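Protein chains in written order, with this note's numbering: chain A, 10 to 479; chain B, -18 to 234.
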């Protein structure tokens, strides 16, 4: 560690400069600014898909600030919670605005995050050397889902109560420890005041701290390797005489003002919803949640909020009849891996053993469809983490992949949206079959990716980014 | 082929699913009620006919100042049992007693207009249809039944205004089995007229439902008025941000 050296300024230097100099001698303020934003060089060809990271950060800050104001008046007691939300809506000055910003912000967060992940998928932003960046992002996604789940119980409406009841009961499907685990999570035999109090603690402080830590790690990992871009080429491979990438610009002022424009458009859309359609047809604020929670009255249709419905559909698709299809699919996949993969024999043998155990476990006498439903529900989320190791395409970006790959991505997106839509509807015979087909498409996209991502004629990747001056 | 038939059968039933869970009759559209006079009339009807069994504990009496009433008007016309004008609309009926007398606890009506929305119609549509669908039914403990919520525990609170009606049923062939006959709902028959004509009762109910819609979200008017200015500002702000960003980026080659 170097000895302390005080920066000297001429006597007539501006006060601000002297103040910043004093701080810089004791805290790397200017260095931090330059490393993280001011002189952080980002590719110049970033398009519309690259706005969602900054929007996610903005929404995070907004949720925290509105959340703080809500906790000033909200009462986390089963008898008082529902009334306290209405108190905020009516008696607290601007309480209605804070509440609507928080509820709209929650849905907006998921829209932004899904689009943010779509960008990563189409431009290969999870590929080496950004695997850890992707894993931190995936961890944030898990934490965000937990945060939304815990937060949704707090208004203590019918949907809050029964949605929590259903999801916590899913943990009861785990063999041996399930029922005790559910009891431990709930703090009681049914969702009750005890559950509300602990979910409040998780939602207000525990998970937000985790999210903030993970976001910091996510940004540090990003700045360490540099941003990807729509062409999927590494801009640092072509440096200019000043040592900075030829195809990159400093974030300040270029992305400061570019992102400011993006933020203003987002706020326009966000405000249109907050001021004119905060319920969004019952998707952002569910109608059933305006009825106080009643443990004796089960709603006709218990559905999670819209952002969980794709994964919920996967859970519902796993019926007793579908188990036979799953057994056949697992067997076929093991055979396929044996014949087509280039993994070591030991790895293939382990996969075969796991496959066999799964098929035995799927027999009705061993583990029932409810257990496998919960497993596949979890797997449908967790499989995203494996992306960097599933994608073996020689190019990163969809721009230089064979054209038919775009249809594969489109099919995946369509099946995801279809699963989401079906999750909002009551179960039906046709819906069940469609969700089962979409579940198979969804998992095939990932599990067959090591093969289909290498197939076809790839287009030549340019040395420099495609940029049209504007 | 079998699958296709099943698919068509399921799709044909879909429109019915819209109100399958509610009762069985399509909902009428609640007329628009934005004027302060109609909201005040609705408040009067609410306090007189609903607030005996139903509470509205999120609603403070003096909030009615937002629809043009003064404290004195509220005190002199709407406070019946010693409440103060700053009190919430609580009731004396105890839930345990209500459960014994009616079989169900009358729900709090503070946000009922938001809670009753569904694919079949808005919450106001539901309430407007519900309040006008009561009919005399001697098989029920209260003597009343309702086409929107069959076997409801609530009696017809405004029967003196609407009058007593019975159901008109017509017999027609069962569409699924031509040898059988079914009873089909064909409207109501006025047995004993009330103090209001049919049209006046509809207008009064529309006022009441308008009030319930206002009470469910008193900030709605402010929200929309403010929203116009917010969107106007953000549109201009976005435009300026766009041109500012473009002015920097034209230097990038």
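For every residue, glycine included, the Cβ atom is placed at its ideal position computed from N, Cα and C.
Owing to the predicted nature of the structure, the values given are computational and were not obtained by experimental measurement.
Contact under 9 Å by Cβ, residue i with residue j
{"i": "residue 101 of chain A", "j": "residue 75 of chain A", "result": "no"}
{"i": "residue 89 of chain B", "j": "residue 37 of chain B", "result": "yes"}
{"i": "residue 328 of chain A", "j": "residue 378 of chain A", "result": "yes"}
{"i": "residue 196 of chain B", "j": "residue 94 of chain B", "result": "yes"}
{"i": "residue 219 of chain A", "j": "residue 80 of chain A", "result": "no"}
{"i": "residue 447 of chain A", "j": "residue 427 of chain A", "result": "yes"}
{"i": "residue 40 of chain A", "j": "residue 34 of chain A", "result": "no"}
{"i": "residue 157 of chain A", "j": "residue 317 of chain A", "result": "yes"}
{"i": "residue 11 of chain B", "j": "residue 120 of chain B", "result": "no"}
{"i": "residue 241 of chain A", "j": "residue 404 of chain A", "result": "yes"}
{"i": "residue 252 of chain A", "j": "residue 244 of chain A", "result": "no"}
{"i": "residue 315 of chain A", "j": "residue 292 of chain A", "result": "yes"}
{"i": "residue 136 of chain A", "j": "residue 238 of chain A", "result": "no"}
{"i": "residue 126 of chain A", "j": "residue 91 of chain A", "result": "no"}
Where residue i falls: helix, strand or coil (DSSP)
{"i": "residue 413 of chain A", "result": "helix"}
{"i": "residue 18 of chain A", "result": "coil"}
{"i": "residue 350 of chain A", "result": "coil"}
{"i": "residue 3 of chain B", "result": "Legend: pLDDT at residue 3 of chain B = 44, less than 50; position of this residue unreliable, no value from coordinates given."}
{"i": "residue 125 of chain B", "result": "strand"}
{"i": "residue 467 of chain A", "result": "coil"}
{"i": "residue 170 of chain B", "result": "strand"}
{"i": "residue 183 of chain A", "result": "coil"}
{"i": "residue 434 of chain A", "result": "coil"}
{"i": "residue 78 of chain A", "result": "helix"}
{"i": "residue 99 of chain B", "result": "strand"}
{"i": "residue 104 of chain A", "result": "helix"}
{"i": "residue 25 of chain A", "result": "helix"}
{"i": "residue 161 of chain B", "result": "strand"}
Short CB-CB distance (under 9 Å) between residue i and chain A
{"i": "residue 64 of chain B", "result": "no"}
{"i": "residue 95 of chain B", "result": "yes"}
{"i": "residue 211 of chain B", "result": "yes"}
{"i": "residue 50 of chain B", "result": "no"}
{"i": "residue 27 of chain B", "result": "no"}
{"i": "residue 38 of chain B", "result": "yes"}
{"i": "residue 10 of chain B", "result": "no"}
{"i": "residue -1 of chain B", "result": "Low per-residue confidence applies at residue -1 of chain B: pLDDT is 39, beneath 50, and the placement is therefore not dependable enough to give any value."}
{"i": "residue 112 of chain B", "result": "no"}
{"i": "residue 88 of chain B", "result": "yes"}
{"i": "residue 125 of chain B", "result": "no"}
{"i": "residue 83 of chain B", "result": "no"}
{"i": "residue 46 of chain B", "result": "no"}
Nearest to residue i (by Cα), restricted to the options the options
{"i": "residue 269 of chain A", "options": "B/234, B/223, B/82", "result": "B/223"}
{"i": "residue 271 of chain A", "options": "A/57, A/362, A/455", "result": "A/57"}
{"i": "residue 18 of chain A", "options": "A/10, A/167, A/27", "result": "A/27"}
{"i": "residue 286 of chain A", "options": "B/232, B/198, B/234", "result": "B/198"}
{"i": "residue 398 of chain A", "options": "A/320, A/275, A/140", "result": "A/140"}
{"i": "residue 464 of chain A", "options": "A/277, A/412, A/300, A/128", "result": "A/412"}
{"i": "residue 227 of chain A", "options": "A/145, A/337, A/22", "result": "A/145"}
{"i": "residue 71 of chain A", "options": "A/280, A/261, A/201", "result": "A/280"}
{"i": "residue 169 of chain A", "options": "A/235, A/51, A/303", "result": "A/303"}
{"i": "residue 211 of chain B", "options": "A/13, A/283, A/440", "result": "A/283"}
{"i": "residue 52 of chain A", "options": "A/73, A/471, A/423, A/260", "result": "A/260"}
Min CB distance residue i to chain B below 9 Å
{"i": "residue 297 of chain A", "result": "yes"}
{"i": "residue 469 of chain A", "result": "no"}
{"i": "residue 105 of chain A", "result": "yes"}
{"i": "residue 362 of chain A", "result": "no"}
{"i": "residue 250 of chain A", "result": "no"}
{"i": "residue 98 of chain A", "result": "yes"}
{"i": "residue 509 of chain A", "result": "Outside the displayed range of chain A (10 to 479) lies residue 509 of chain A, so it cannot be described from this structure."}
{"i": "residue 300 of chain A", "result": "yes"}
{"i": "residue 164 of chain A", "result": "no"}
{"i": "residue 285 of chain A", "result": "yes"}
{"i": "residue 258 of chain A", "result": "yes"}
{"i": "residue 274 of chain A", "result": "yes"}
For residue j and residue i, believed in contact at Cβ under 8 Å, the rounded distance
{"i": "residue 247 of chain B", "j": "residue 91 of chain B", "result": "Summary: the structure shown does not reach residue 247 of chain B, with chain B confined to residues -18 through 234, and so no result is reported for it."}
{"i": "residue 59 of chain B", "j": "residue 28 of chain B", "result": "5 Å"}
{"i": "residue 462 of chain A", "j": "residue 402 of chain A", "result": "4 Å"}
{"i": "residue 360 of chain A", "j": "residue 340 of chain A", "result": "Not a contact, Cβ separation roughly 12 Å."}
{"i": "residue 159 of chain A", "j": "residue 216 of chain A", "result": "7 Å"}
{"i": "residue 112 of chain A", "j": "residue 294 of chain A", "result": "6 Å"}
{"i": "residue 200 of chain A", "j": "residue 191 of chain A", "result": "No, residue 200 of chain A and residue 191 of chain A are not in contact; Cβ-Cβ is about 10 Å, not under 8 Å."}
{"i": "residue 235 of chain B", "j": "residue 127 of chain B", "result": "In this structure chain B extends from -18 to 234, so residue 235 of chain B is not present and cannot be described."}
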